[in-house]
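Novice: I have a structure I would like to understand better, so I am pasting it below and will then ask my questions one at a time.
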Amino acid sequence: MSKSLIVATVLLALALSTSQTAMAAPGPDINAQSFELAPAQADGIWARSALAQGSLDWSLRVLTTLQNNSLAFSSRDNERTVTQRVHASLWTMQLAAASGWGKWTFAMTLPVALRIASEGPNLLGFDRPLAPLFGDLRLEARRHLWQKVMAGIGQLDLAAGVMWALPTGASGSWLSEGGARFDLMGIASWRRGPWSADGSLIFRLRPLTQARVQLPPAASQVDPSVAVALAVGSEWLMQLEAERRWLRDRLGAHLALQIRGAMSSQATSEQTLVEGMLYADWRMNRGAWKLWGGIGGGVTQAYGSAQVRGVGGVQFDPESVSRDSDDDGFDDRDDKCPNAAEDADGFE
Numbered sequence: 007m008s009k010s011l012i013v014a015t016v017l018l019a020l021a022l023s024t025s026q027t028a029m030a031a032p033g034p035d036i037n038a039q040s041f042e043l044a045p046a047q048a049d050g051i052w053a054r055s056a057l058a059q060g061s062l063d064w065s066l067r068v069l070t071t072l073q074n075n076s077l078a079f080s081s082r083d084n085e086r087t088v089t090q091r092v093h094a095s096l097w098t099m100q101l102a103a104a105s106g107w108g109k110w111t112f113a114m115t116l117p118v119a120l121r122i123a124s125e126g127p128n129l130l131g132f133d134r135p136l137a138p139l140f141g142d143l144r145l146e147a148r149r150h151l152w153q154k155v156m157a158g159i160g161q162l163d164l165a166a167g168v169m170w171a172l173p174t175g176a177s178g179s180w181l182s183e184g185g186a187r188f189d190l191m192g193i194a195s196w197r198r199g200p201w202s203a204d205g206s207l208i209f210r211l212r213p214l215t216q217a218r219v220q221l222p223p224a225a226s227q228v229d230p231s232v233a234v235a236l237a238v239g240s241e242w243l244m245q246l247e248a249e250r251r252w253l254r255d256r257l258g259a260h261l262a263l264q265i266r267g268a269m270s271s272q273a274t275s276e277q278t279l280v281e282g283m284l285y286a287d288w289r290m291n292r293g294a295w296k297l298w299g300g301i302g303g304g305v306t307q308a309y310g311s312a313q314v315r316g317v318g319g320v321q322f323d324p325e326s327v328s329r330d331s332d333d334d335g336f337d338d339r340d341d342k343c344p345n346a347a348e349d350a351d352g353f354e
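Okay, here's the thing in structure tokens:
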């Protein structure tokens, strides 16, 4: 990964963060985390798994999902709790890129969504049907810390990571939180034969409200009655996923669970959110294509969380497409010398 690419990415991130913060409008404490629990996310943003990626060039992946959601929006006004429900069919997509450098893995992810149909108030932030809604750009860095292979137990891996979500999405929308968000992650992974499990514990700082400071006409100082400060809340999240594979890794079954709780009294909804998902996937061309489908929902509800969610989608990884660079009959992934043809005994 070139230094110029790193510098350009950092400059772009700072520019987007600065411009969006200045233009942010007041918005609700919306549960954008509900979007995070999606099939194949570990493959999409390379952050839920603690496995070392090793050195690799930039790799691009596209995940597209059709979601049929029943969402609950509960807000408290003094002693009264008001709940509004929205039924929405959404087409979502995650554009992801990652690169490895030694024990480090760097990733960028941009979520995009289209509203196909919806019933109820427009609490998701869509201006009109079929108009794309862009979410917060996520920049991640993860470092592999430890690996141990134990007889009878399997392979254990530990990693740590940070994630910075830039406020590139529309404030108050389902895919944005109206301000920059910071995550500190600890990740553990276990592998044994066809079984695997990944878990992450995340501590998160995120904005709860954000508004522009307004100056009254002909006044030299800010009127405190119209100035709204930025409130920052802290949360913890636990994400767990177990997987079992069959048919030479082509078929897989997954059980995912996400638990979220507030650590700050400023949060508008302090109820612990528990959401799960059960889905299956089918890999083709050794992982270049992946199809999946499943169902999920919330055991408990928070603002904007899914009551019931049906999902189906496809992932494409162009870096995994079969290719034979030296035309010797060996796929690059199985070739000892992918850039030079072997002789009859398999060596140059």
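Under our numbering, read the sequence shown as residues 7 to 354, first letter to last. A virtual CB, placed ideally from N, CA and C, is assigned to each residue, including glycine.
1) Tell whether a beta-carbon distance below 8 Å holds between D163 and H150.
2) Using CA atoms only, rank isn't needed, just tell me which of T98, A123, S182 and W110 is closest to W64.
3) Classify P173: buried if its beta carbon has 16 or more other beta carbons within 10 angstroms, exposed otherwise.
4) Just grab the DSSP bridge partners of V168 for me.
5) Whole angstroms is fine: what's the gap from V280's alpha carbon to R289's?
6) Have a look at the DSSP bridge pairing and note the partners of D204.
7) I'd like to know whether the C-beta atoms of A147 and V168 end up nearer to each other than 8 Å.
8) So is R193 buried or exposed if we call it buried at 16+ other beta carbons inside 10 Å?
9) Closest by CA to F188, which one among W242, L57, A286 and G108?
10) Name the DSSP bridge partner or partners of I301?
11) Let's see if you can read the secondary structure: which residues bound the beta strand (DSSP E) around L411?
12) I'd like the ranges of any beta strand (DSSP E) spanning at least 3 consecutive residues and lying wholly in the segment 109-145.
13) For P127, which residues in the same chain have their Cβ closer than 7 Å to its Cβ, ignoring the five residues on either side in sequence?
14) From the DSSP output, in three-state form, read off G175 for me.
15) Which residue wins for smallest C-alpha separation from A203, given the options A157, W170, M191 and E247?
16) How many Å lie between G267 and F112 at the Cα?
17) May I have the straight-line CA-CA distance separating M283 from G299, to the nearest angstrom?
18) What separation, rounded to the nearest whole angstrom, lies between the Cα atoms of M244 and T306?
19) Let me make sure I understand the geometry here. Which of L77, S240 and R197 has the alpha-carbon closest to that of G158?
20) Report the rounded CA-to-CA distance for R210 versus L190, giving the unit in angstroms.
21) So, are the CB atoms of V320 and K296 less than 8 Å apart?
22) Out of V155, A166, G199 and L181, which has the shortest C-alpha to C-alpha gap to S206?
23) I'd like the list of long-range same chain contacts for R251, defined as Cβ closer than 6 Å, with 5 residues on each side in sequence excluded.
24) Grouping DSSP H, G and I as helix and E and B as strand, with all else coil, what is R4?
25) Anyone know if the C-beta pair for V1 and F322 falls short of 8 Å?
26) Is there at least one non-hydrogen atom of the ligand GTP closer than 7 Å to the beta-carbon of L162?
27) Candidates L136, G141, S105 and W152: which alpha carbon is nearest A56's?
Specialist: This is what the structure gives:
1) Taking a C-beta distance under 8 Å as the contact criterion, D163 and H150 qualify as a contact pair.
2) Considering only alpha carbons, the answer is W110.
3) With a 10 Å radius around the Cβ and a threshold of 16 neighbouring Cβ atoms, P173 comes out buried.
4) Answer is A147 and L190.
5) Going by the C-alpha atoms only, they are around 29 Å apart.
6) Secondary-structure assignment with DSSP links D204 through a beta bridge to S195 and E247.
7) Yes, they are a contact pair.
8) For clarity, residue 193 is Ile in the given sequence; the question names Arg instead. So I193 counts as buried.
9) The closest CA to that of F188, considering only W242, L57, A286 and G108, is found on W242.
10) The partner list for I301 (beta bridge, DSSP) reads L284 and G316.
11) Residue 411 is absent from the structure shown; the chain starts at 7 and stops at 354.
12) Fully enclosed beta strand (DSSP E) runs of 3 or longer: 110-125.
13) Within its own chain, the residues whose Cβ lies closer than 7 Å to the Cβ of P127, once the five positions on either side in sequence are excluded, are Q90 and V92, listed in chain order.
14) Three-state DSSP puts G175 in coil, outside helix and strand.
15) Nearest of A157, W170, M191 and E247 to A203, Cα basis: E247.
16) Going from the Cα of G267 to the Cα of F112 covers about 27 Å.
17) Rounded to the nearest angstrom, the two C-alpha atoms are 10 Å apart.
18) Inter-residue distance for M244 and T306 is about 15 Å (C-alpha atoms, whole angstroms).
19) Selected option, being the one with the closest Cα: R197.
20) When rounded, the separation of the alpha-carbon atoms in R210 and L190 is 7 Å.
21) Cβ distance < 8 Å, so V320 and K296 count as in contact.
22) With respect to the C-alpha of S206, the residue from V155, A166, G199 and L181 having the closest C-alpha is A166.
23) Around R251: P200 and G258.
24) In this structure the chain extends from 7 to 354, so residue 4 is not present and cannot be described.
25) Nothing in the structure corresponds to residue 1, since the chain is present only between 7 and 354.
26) The ligand GTP is not part of the structure shown, which contains no ligands of any sort.
27) Among L136, G141, S105 and W152, the Cα nearest to that of A56 is on W152.
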